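Read in our numbering, the sequence shown has 448 at position 448, and its numbers run on one by one without any break.
Right, one structure below, let's go through it.
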Amino acid sequence: MRMFAMGLLPLMLLGACATREPIIKGEPSRELSTPYTLKSGGFAPPLQKGLVIDHADLWFNFDFKRRVLFGSATLKIDSERPRRTLSVDLDTRFKVENVWINGKPVPAGNIKNPDGQLLITPQQAVSFPLTIKIDYYGQPRKPPNPPWDGGVMWSQTPSGEPWVVTAVQGEGCDLFWPCIDQPFGEPRQADIHITVPSNLVAASNGNLVKVTEQETAKTYHWKTSSAVNTYGIALNIGPYEKLESRFRSIYNNAYPLVYYYLPEVNPEGAQALFSELPEMLSFFERVIGPYPFPQEKVGVVQTPHKGMEHQTINAYGNNYEKDEYGFDWLMQHELAHEWFGNQMTNTNWDHMWLHEGLGTYMQPLYAQYLHGDLAYKAYLNKIRKNVSNSAPIVSGMPRSEKEVYTSQNGPGLDLYYKGAWIMHTLRGLVGDKIFFDIVKELVYDTTEPRPGNFSPVYRDTNDFIRIANKHYGQSLDWFFDIYLYQSALPRLNVSRSKTTLNLSWTVPQAMPFPMPVEVSINGDIETLDLSQPRSIVINPDDVVIVDPQSKILRFEQRYEDIKKQ
1 MRMFAMGLLP
11 LMLLGACATR
21 EPIIKGEPSR
31 ELSTPYTLKS
41 GGFAPPLQKG
51 LVIDHADLWF
61 NFDFKRRVLF
71 GSATLKIDSE
81 RPRRTLSVDL
91 DTRFKVENVW
101 INGKPVPAGN
111 IKNPDGQLLI
121 TPQQAVSFPL
131 TIKIDYYGQP
141 RKPPNPPWDG
151 GVMWSQTPSG
161 EPWVVTAVQG
171 EGCDLFWPCI
181 DQPFGEPRQA
191 DIHITVPSNL
201 VAASNGNLVK
211 VTEQETAKTY
221 HWKTSSAVNT
231 YGIALNIGPY
241 EKLESRFRSI
251 YNNAYPLVYY
261 YLPEVNPEGA
271 QALFSELPEM
281 LSFFERVIGP
291 YPFPQEKVGV
301 VQTPHKGMEH
311 QTINAYGNNY
321 EKDEYGFDWL
331 MQHELAHEWF
341 GNQMTNTNWD
351 HMWLHEGLGT
361 YMQPLYAQYL
371 HGDLAYKAYL
381 NKIRKNVSNS
391 APIVSGMPRS
401 EKEVYTSQNG
411 PGLDLYYKGA
421 WIMHTLRGLV
431 GDKIFFDIVK
441 ELVYDTTEPR
451 PGNFSPVYRD
461 TNDFIRIANK
471 HYGQSLDWFF
481 DIYLYQSALP
491 RLNVSRSKTT
501 LNLSWTVPQA
511 MPFPMPVEVS
521 INGDIETLDL
531 SQPRSIVINP
541 DDVVIVDPQS
551 KILRFEQRYE
561 DIKKQ
């Protein structure tokens, strides 16, 4: 067991293993997290711009009875310029016990945390790279509605054993470790050490390096070899057992599949879920590309909340429910985020549709992969009624996760359902070859990904548009201007006389929208250029269907009527 300076580790071990309660020194934790802490992303504080966390060495221990977390974080940080003050984020509910920079203690008076932005001013300006070590403890935020309103979730198994997990996407990593709570704050590598009582298991990101046994406790050492999302770092503690195997990829590499589950909660369901993973992985590798983290694992862990895309240790709590298409949609959705969210990460939450729109589109696409075109169209029709068009998908300004999800001006669930339909419409416009080349380059920065020839990437909406324009060979700005930057959908105006069919588009602010439209006349399909209003000759008894394959996301009154029911 690694020793902590200034005597923090004995307190930590007492918290997990001893019968007497630990002594909590210093000021008590604040009762509530600050607004700054509860906001993840948005405009980055000036003191954090340009900082890079090359490595995070994180140590955690819990006092389950008092719901106290003891932690220590050693961060290797780089910057393009010297700085007088360092800034990382940490919930004010924690008491900072000690800080060291390059092994030298920082005086207590030089450590301030008034609102959740921890400000550390060493005796003199520091150059980079440097190492900062922070020891802290306190009662972390209890999530009001996990995983959507998150924190450290203290739960129990049906038999009364501790079951403790983290879920912090909405509020950020600073709810339980000192970090840069921005998408760009990903540690390039992380070591995660979790001490638990001997009867419990700790599952986390990356590879399990070793388990160190103490008299009444164990320390699990997990290690990531890739950059990991700040909110994707996760702790999962419980009396887990595991199912494991190896998956042989179509790229001729093999990697571990692991599911940490509670044996007292539907073990047959656990086995059934685990048996779904190989087919899901085959789909993603055939349609999108290689699994991004084969050097680590495909990991899933059972949680008392619904689920979350924690990198290589996806949280799952969907009660093993399959939908009418024969698969567990939530497991497939969270697994999709290994590609759309973890391998490819948005630069700012304003571009979160890149995670959730593509992640949601994978469910109808998987239904098509399993069952054919009818299942694909039926799935898309099922989610179409959930599109609200309440706000544009992209604002063009840095936004926090909360502003994207819950603000009156945010797109909310349109990130998912409208985002998926935008992908469907784009695919219908450009064709399968171009569409999937766009997606591959977005995710891997190449259209021919192979294990070992790509690294994690940051992307924003402009990147997506640039890549789409390149592969299509002409500008698609008009497409994205309407679907991403306007809330209202385009309206297709259709009128018919005995001998004429008239078609035209009405779009917000009369913006250009040269979307071609398919028309079926007596079963024969013709594609019409609608860059201008169009009229075609028909016979009075012709059977006419406009957009017969429902390829275009557009205003349709029938969906508005469904919402009113």
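All C-beta atoms, glycine included, are put in the ideal place defined by N, C-alpha and C.
Since the model is a prediction, treat every value here as computed from it, not as a measurement.
Quick one: complete beta strand (DSSP E) runs, 3+ long, within the stretch 122-170? 130-138, 151-156 and 162-167
Identify, in the order they occur along the chain, each residue of the same chain with its Cβ nearer than 8 angstroms to the Cβ of Tyr-251, setting aside the five sequence neighbours on each side. Working through the sequence shown from its first residue, we reach residue 251 at position 251. Only Glu-285, Pro-290, Arg-450 and Pro-451 meet the Cβ criterion.
To the nearest angstrom, how far is it from the Cα of Gln-549 to the Cα of Glu-556? Here residue 549 is taken as the residue at index 549 of the sequence shown, counted from 1. Here residue 556 is taken as the residue at index 556 of the sequence shown, counted from 1. Straight-line Cα distance between these residues: approximately 14 angstroms.
Between the CA atoms of Tyr-261 and Ser-275 - distance to the nearest angstrom: Locating residue 275 in the sequence shown gives position 275, where the first residue counts as 1. Locating residue 261 in the sequence shown gives position 261, where the first residue counts as 1. For Ser-275 and Tyr-261, the distance between alpha carbons rounds to 14 angstroms.
Between Tyr-485, Leu-200, Leu-370 and Ser-204, which lies nearest to Ser-395 when the distance is taken from Cα to Cα? In the sequence shown, the residue the question calls residue 395 occupies position 395. It is Tyr-485 whose Cα lies nearest to the Cα of Ser-395.
Within its chain, find whatever has a CB closer than 7 angstroms to the CB of Asn-566; leave out the 5 residues flanking it on each side and keep chain order. The structure shown does not extend to residue 566, since the chain is modelled only from 1 through 565, so no value can be given for it.
Using 8 angstroms as the threshold, is the stretch 321-333 in touch with the stretch 359-376, meaning 3 or more CB pairs across them? yes
Considering only residues of the stretch 462-522, which uninterrupted alpha helix (DSSP H) runs meet the minimum length of 4 residues and lie entirely inside it, listed in chain order? 477-483
Between the Cα of Gly-172 and the Cα atoms of Ser-225, Ala-217 and Gln-182, which residue gives the shortest distance? Residue mapping note: residue 172 aligns to position 172 of the sequence shown, counting from 1. Minimum Cα distance to Gly-172 is reached at Gln-182.
Between the CA atoms of Val-165 and Asn-211 - distance to the nearest angstrom: Counting from 1 along the sequence shown, the entry for residue 211 is found at position 211. Counting from 1 along the sequence shown, the entry for residue 165 is found at position 165. Strictly speaking, residue 211 in this sequence is Val, with Asn absent from that position. If I take the Cα positions, the gap works out to 19 angstroms.
For a test of the three-state rule: what should DSSP assign to Gly-26, helix, strand or coil? Position 26 of the sequence shown holds residue 26. A caution first: Gly-26 carries a pLDDT of 39, below 50, which makes its placement in the model too unreliable to give a value.
In angstroms, rounded to a whole number, what distance separates the CA positions of Val-544 and Asp-524? Translated into the one-based positions of the sequence shown, residue 544 becomes position 544. Translated into the one-based positions of the sequence shown, residue 524 becomes position 524. Spanning the two alpha carbons is a distance of roughly 9 angstroms.
Three-state class that DSSP yields for Ala-202 in the structure shown: In the sequence shown, the residue the question calls residue 202 occupies position 202. Residue state, collapsed to three classes: strand.
Output needed for Ala-253: all residues of its chain with C-beta closer than 7 angstroms, excluding positions within five of it in sequence on either side, in chain order. Sequence index remark: in the sequence shown, residue 253 carries index 253 (1-based). Looking at the sequence provided, one finds Asn at residue 253 rather than Ala. Correct list, in chain order: Pro-294 and Pro-451.
Presumed contact (8 angstroms Cβ cut-off) between Pro-146 and Arg-93, rounded CB distance: Here residue 146 refers to the residue found at position 146 when the sequence shown is read from its first residue. Here residue 93 refers to the residue found at position 93 when the sequence shown is read from its first residue. Actually they are not in contact, since the Cβ atoms of Pro-146 and Arg-93 sit about 17 angstroms apart, beyond 8 angstroms.
Taking 8 angstroms as the limit between beta carbons, can you name the residues of its chain near Lys-564, skipping five residues before and five after? On the sequence shown, residue 564 is found 564 positions in, with the first residue counted as 1. Within the same chain, Lys-564 has no close Cβ partners at all.
Identify whether Ser-275 lies in helix, strand or coil by the three-state DSSP scheme. Taking the sequence shown and counting its residues from 1, one reaches residue 275 at position 275. Note: Ser-275 maps to helix in three-state DSSP.
The stretch 57-64 in contact with the stretch 113-129 per 3-pair CB rule at 8 angstroms: no
Helix, strand or coil for Lys-418? Go by DSSP, reduced to three states. Stepping through the sequence shown from its first residue, residue 418 is reached at position 418. Correct three-state label for Lys-418: helix.
Pop quiz: His-310 and Ala-234 are said to be a contact at Cβ under 8 angstroms. What is the actual Cβ separation, rounded to whole angstroms? Along the sequence shown, read from residue 1 onward, the residue named residue 310 stands at position 310. Along the sequence shown, read from residue 1 onward, the residue named residue 234 stands at position 234. With 8 angstroms as the limit, His-310 and Ala-234 qualify as a contact, their Cβ atoms being about 4 angstroms apart.
Count the CB pairs spanning the stretch 526-538 and the stretch 469-480 that are closer than 8 angstroms, and state whether there are at least three. no
Pull up the distance between the alpha-carbon of Ser-155 and that of Thr-461, whole angstroms please. For the purposes of this step, residue 155 is taken as residue 155 along the sequence shown, with counting starting at 1. For the purposes of this step, residue 461 is taken as residue 461 along the sequence shown, with counting starting at 1. Answer to the nearest angstrom: the Cα atoms are 39 angstroms apart.
Counting contacts by CB-CB distance shorter than 7 angstroms, is Ala-254 in contact with chain C? Absent from the structure: chain C. Only one protein chain is present.
Pull up the distance between the alpha-carbon of Lys-39 and that of Pro-398, whole angstroms please. The count along the sequence shown starts at 1 and reaches residue 39 at position 39. The count along the sequence shown starts at 1 and reaches residue 398 at position 398. Distance between the alpha carbons of Lys-39 and Pro-398: 12 angstroms.
Quick check: what's the CA-CA separation for Asn-102 versus His-55? Counting from one through the sequence shown, the residue named residue 102 turns up at place 102. Counting from one through the sequence shown, the residue named residue 55 turns up at place 55. Going by the C-alpha atoms only, they are around 14 angstroms apart.
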